[in-house]
Amino acid sequence: MERDAVEQDGAPSGEHRAAARSTDRRTLLKGGAALAAAGGFSAEALAQDDAGRLRTDLFMPKEHWRERMQAPDDGKRYGWVVDTRRCFGCHACEVACKAENDVPLGSYIRQTIYHEAPRPAGIAVGAGQYARIMVPMACQHCEDAPCIKACPCGALHKGAGGTVQVNYDKCSGHASCKEACPYGAIYIDPVANQAVKCHNCTHRVDVGMEPACVATCPSEALAFGDLADETSRVSRLKAELEAEGKLERLRAEKGTEPRMWFAVDETHRVETWADKVPREGESYHPDAYSVYEWREETPPHTRVPHPAEVQRAADLAAQPTTQTPQSGEGR
Amino acid sequence: MQPRHDRRSFLRLGALLAAAPACASAPRDSVQGPLAARQDPSIPPVPRDRLPTDAENRAVWQARAGKPYEAKAPGVCTLPGPNKKVRFPDPDKYKDVLRVHGMCQLCSTVCGITGLVKDGRILKVEGNPNDPNSRGKLCGRGQAALNHQYHPERLLYPIKRVGKRGEGKWRRITWDEAYEEIAQRLQKVQESGKLEEFAFHQGRNRSPDAVNNFLAAFGTNTHLNHRGLCSAARRAANLTYLFEADWDLGDFEHTKYILNFGSNMFEAHQGHVAGAQRIQRGRFDNGAKLVTFDVRLSNTAGNSDEFFMPSPGTDGAVALAMCHTILTEDLHDAAFLRDWMNCTVDELVAELAEYTPEWAESISTVPAADIRRIAREFAAAAPRATTLCNRGSSAHINGYYNDRAIILLNVLVGSVGQPGGWCWMYTGAQDSKRFKVPFTVPKPKTASLLADPPEFALANVWNAMKVGEIVYWYLKTKRAHMQVYMTYNLDSPLTWPEMDVTESVMLDEEAIEFHVCINPFLNETGALADMVLPWTTFLERWDVDARGAYNLKAYVSLRKPIVPPLGEAKDVREIFPALAARVGGEMAKQYPPMPIEDYMAEWVKALPFDPEQDKTPLARLVREGAWEDPAEQAYYTPFLKPLGETELEGSVVDEATGIITKDGKGLGIMHHGRAVIGFKTPSRKLEVRSEFVQRTGRNEDTSALTALANSKAKNRSAHHKGHEYELSPWPKYMPIEEHAHLAENQLVMTSFKWCVHNHGRTANLKWLSEIVHTNPAWIHPETAKRFGLSDGDFVELTGHRSLTLAKATPGIGLGSGELQRKLRLPVWITPGVHPRAIAISNSLGHWEYTNVARGVKGTAGVGERAAGMDMAGHRDPDWERNMWWEDKSGGDPKRWVKNRGNGWAQNHVLPIMADNISGQQAFNDTVVTVRKVT
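As you go down the protein sequences, you meet chains A and B in turn. For what it's worth, the working numbering labels the leading residue of the first sequence as 361, then goes sequentially. For what it's worth, the working numbering labels the leading residue of the second sequence as 274, then goes sequentially.
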């Protein structure tokens, strides 16, 4: 039996989150209580989703996905270096991605995460002790991609350079990939009803362009390219930053071998902002941009269902009754 | 298959729609998809031993099929029916695509862009790598250009009002009808003999050649703008020191230290993309440090290496205390000051004696120890050290003095004009001497009170900045009158202070007899007009344009139609000659029609080109989009440029000052035995002490001074007599009186801009409004405690006029009372705002300007506004279906959901506060009384 959704939120280490919560959230939830109820989860699920654990319960047998996990033999290894010190939250990458891919409102292939945190000790105290960390986020293009393993219909696979991508002739919208993704990088398109995620703009890269986000970034915080090529910008950056000990990955303990590395410094360490990045079963949520979500103690927004889901529920309600579940059924 | 517990069950319909916070009773089912599909026995479960067949996949998929989309265009969400995505991403998308360069105009930075066009449709807008300023980068605003171009509510046909002004009823008219009526009215103005009563008012104008010629051909000087609301104080401060330039361009890419007072360069600032990328290069490639002082944690402050929060309006105090430290600890560049400061160090030390760091701490709340430390760091990094400032320091009653203090820091450490230091350019756009406008109609002599109000000392003496924010007040108090008001890319009812005044005046047909608005959308200004003309977007028209060059080399860029205009949209380059022809007589003669491409070709004919590659100079600029002269040297230390023999022929040197003049006009100055240009000021040095400003304040003649500067600066007009002020010739700290007497329930209201919005014209772009659409008031936790506020609680604000300005300019008649209108809005509690301040963005709260800006889903309520639109032809199903931030509270604070709605219009409670020194509107000083309402 699930607990009242009002009491829960989506973060795995729920206890300290619950303590940090203020009454305003409850007020918010009351207003959308019915909607919020769906955002809750059970204690058993909490235990299963501890940091470090993957949704192995969703994985298909290896024969399903062994071939799809194999990148084509093009000699390329696409990867990313994201410089969290440089990003200043202009959202150009995000809007460029929206424009490039006609991403529907309410959904995001790419989102810039905001997190305000005190600056580390020793750096100017007094009134200015907060820093605003802004991190451009998208699919991590894992080498050992749990989304590929979880996909029941064989749509998720690897393309050029190891890009994790979706075959839209097969994708049936099971959403297992979204449930399995430790980074919240997949959304289900509200009309196509298919999984959508970053595809490394291979349609641009193949004709000599950069991914839309990389090309536009005014702070030059995004680097993408072939890690198998030592002379590429991304390889050089990765090597330099590694040598300086300034490179970290997100949720590396999950073992998915993400091909995205973050350039960090004392203020921008991944552990400082990691909790703001959505997790298994979540997608980038538009309310993440509410100023109320920026503060350190506010976890990623999970208390109100994703608007696309609200729309889907409304659509389903309008459909013939055979497909409409009754309240409380389906145990 | 065991049903699994899962964190989410996003289709638990019963749970979703139940009113009570029900327990979702069933386990979630993720492996096999949402429960709804599982309920249908006709859908087989997903096999585990093999991949499902296509039929099985389709069955699952169709069980949850949504409604198909219809539109097929980029920028509009296209998910071709019946439902599934096809060719996503499309490998052929950019095959055979046409690349056409142009320039953005969604903010004032005007970055070069490239439109990727196929079949007559813009698929994507990106940065043009050939633009030497923006270097191919484009911010979020520019990336939303498709929303602007293909907006369902774009104005495509001329419209005329039906019924009363502001009633919201419109009918479509032809261009012929429009031209006819406007021409007749202009003729009436001519007949009345009061040419100044044809007033033109621009928001953002990147076609000054066309506008200037049109107004000059008519004979009016009532050419109004928004500069007073933007940067008057800032520019006046730069001009005081330099005379040559009103905009500084820190050499961020090569610097080691950036001391930022109140600029939010990472989110806004003229030159945003160009400057911001160079700051990050300077920091991460060159080890520069960025220190920011801001009353609020902007993205710039949040990303800076150090951040301090001074009390509102006290940046000048902090800067002066830093100057004090630099002087008393002997950290200044004595040689530079000896050569280039127009006073002695001793004189300056005496002037700054009281501005100790302890004094600054008591005023600003910034710790004295930090003030000293930062000053020392800045001096140590010099000459590769520069300040950066903007509205945070200058949009204040004391803004002019704040910026005077800040600039002084660069003077003291000798980083003026140095690589990595505080620099400027001889032009703020393209080099107009090299690229001459094809024809320039001589400016008329018609006086215009609206363009030159007498109460403002420095507003029009160097160049015509004017005092935009005083226009509607002048009309309201009958100091002026408009027979014809032509507005152009302006959204004054939203963006001007004191909305009540703006609205009431614009509705008053006696104050403004006829109002024609030129804009691509029906915004708040258009809604109060009599006629609205559909203006082309920046993707559909021509300009020769450029901005302050951060490479410190002049460049030229071209705004060119990337696609033909939609509907019947026209640019002013077509409208103006057509109107001039209709008005006839002298006007038609002065502004003859000229094919636009011929005009552009003539304008850029000085551009070098290779005939093997391009037929004409224009062809080259079309092909590349922008050009920077490879032979041009960066504008470092221009004051050290030696004067040549021919220049010096017939010149005389003043033995006492070393100033070189020829025919009574300043030429240069002797510098260690050599004749150099020096600074183009009266002293031929940096005017730390400005006799020019002092005399101008007193309405005294400055012609002897401007002769030495060889500058076009002039005296205040004759009608300024009676408005004399004692302006300090020195940088000084000017306290804001009303801030010293805040009551317990009062705060200082400041305003700001967002990363994805400009002041008044981006809220109608859905991808941007999705990110930022609401503007709760930022307050400090201490403030929240005092008022008993929690996050999301509503407060009511009452705005108070400025006591200081009421005393400085009593004749304006604004007084010092309260504004009648109140503002109710929610608060956000954050340590990222000064405890004495309440910070509200000024860019939101639209009530017109398309459903996107109004935060209304779909096409509801557009009503008769649609007369000038083609909504059926430009449908956006994504907007109709997926818009998610509508506010359903009906204005009830208890029902407001965070992050919903389209914000609140700050200018309800922000008074007209026009500083008498430069005419700057103080957007960051309003004393507000705060009352909790929920």
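Cβ atoms here follow ideal geometry from the backbone N, Cα and C, with glycine treated the same way. Quick caveat, the model's predicted, so the values are computed rather than measured.
Taking the Cβ atoms as the reference, B:Lys953 lies roughly 15 Å from B:Val734, outside the contact range of under 8 Å. In the structure shown, B:Cys662 adopts extended strand secondary structure according to DSSP, grouped into three states. Secondary structure of B:Pro1083 (DSSP, three-state): helix. B:Asp603 and B:Ala590 have their alpha carbons spaced roughly 20 Å apart.
Closest in alpha carbon position to B:His597, among B:Gly555, B:Ala641, B:Ser584 and B:Asn1189, is B:Ala641.
Contact between B:Leu570 and B:Gly1105 holds: their C-beta atoms lie close to 3 Å from each other, under 8 Å.
Judged by their CB atoms, B:Ala899 and B:Ser830 are nearer to each other than the 7 Å cut-off. Scanning its chain for C-beta atoms nearer than 8 Å, with the 5 sequence neighbours on each side dropped, one finds around A:Leu610 the residues Gln500, Tyr543, Pro618, Met620, Phe622, Val630, Ala634 and Val637, in chain order. Interface with chain B (7 Å Cβ-Cβ cutoff): A:Ser643 is excluded.
With respect to the 7 Å criterion, B:Thr587 and B:Ser577 are not classified as neighbours on the basis of their beta carbons.
Secondary structure in the segment 520-608 of chain B: the alpha helix (DSSP H) runs of 4 residues or longer, each lying completely within the stretch, are 545-559, 572-576 and 588-601 in chain order. B:Ile1009 is a Cβ neighbour of B:Thr1077, given a cutoff of 7 Å. With contact defined as three or more Cβ pairs closer than 8 Å, the segment 703-714 of chain B and the segment 966-984 of chain B are not in contact.
With 16 or more other Cβ atoms from the protein chains shown falling within 10 Å of its own Cβ, A:Ala510 counts as buried.
For A:Pro578, the chain B residues whose C-beta falls within less than 7 Å of its own C-beta are Lys410, Cys412, Val546, Ala549 and Gln550, listed in chain order.
About 7 Å separates the beta carbon of A:Cys531 from that of A:Cys513, a gap short enough to meet the 8 Å contact definition. Secondary structure of B:Ile932 (DSSP, three-state): strand. In this structure, DSSP gives B:Tyr423 a state outside helix and strand, which the three-state scheme calls coil.
Pairwise C-beta distances place the segment 962-970 of chain B in contact with the segment 995-1003 of chain B, as three or more of them are shorter than 8 Å. DSSP places A:Cys573 in the helix class (H, G or I) of the three-state scheme. Residues of chain B with a Cβ closer than 7 Å to the Cβ of A:Arg596 do not exist, since the nearest Cβ in that chain sits about 13 Å away.
B:Asp818: not part of any alpha helix (DSSP H); member of the beta strand (DSSP E) spanning Asp816 to Asp818, first to last residue.
In the structure shown, A:Val442 falls within a strand segment according to DSSP collapsed to helix, strand and coil. DSSP places A:Pro432 in the coil class of the three-state scheme, outside both helix and strand.
Residues of chain B with a Cβ closer than 8 Å to the Cβ of A:Ala452 are, in chain order, Lys410, Leu411, Cys412, Gly413, Gly415 and Gln416. In the DSSP assignment, A:Met497 falls within the unbroken beta strand (DSSP E) covering Tyr490 to Met497. Annotation note: the segment 932-1013 of chain B contains the following uninterrupted beta strand (DSSP E) runs of length 3 or greater, listed N- to C-terminal: 932-935, 938-944 and 947-949.
Listed along the chain, the chain B residues whose CB falls inside 9 Å of the CB of A:Leu465 are Cys350, Lys1039, Trp1040, Glu1043, Asp1151, Trp1152, Arg1154, Asn1155, Met1156, Trp1157 and Trp1158. The alpha helix (DSSP H) runs lying completely inside the segment 749-821 of chain B and spanning 4 residues or more are 765-768, 772-780 and 797-800, given in chain order.
Contacts with chain B (Cβ-Cβ distance below 8 Å) from the segment 556-580 of chain A involve Val556, His559, Cys561, Thr562, His563, Arg564, Asp566, Val567, Met569, Ala572, Ala575, Thr576, Cys577, Pro578, Ser579 and Glu580, listed in chain order. B:Ile531 and B:Thr660 have their C-alpha atoms some 6 Å from each other.
The continuous alpha helix (DSSP H) containing B:Arg500 extends over residues Arg500 to Cys503. Contact annotation, B:Ser1024 with B:Gln863: C-beta distance approximately 41 Å; criterion of less than 8 Å not satisfied.
Secondary structure of B:Leu1070 (DSSP, three-state): strand. Sixteen is the threshold: since fewer than 16 other Cβ atoms of the shown chains lie within 10 Å of the Cβ of B:Asn736, the residue is exposed. Here DSSP, grouped into helix, strand and coil, assigns B:Gly1164 to coil.
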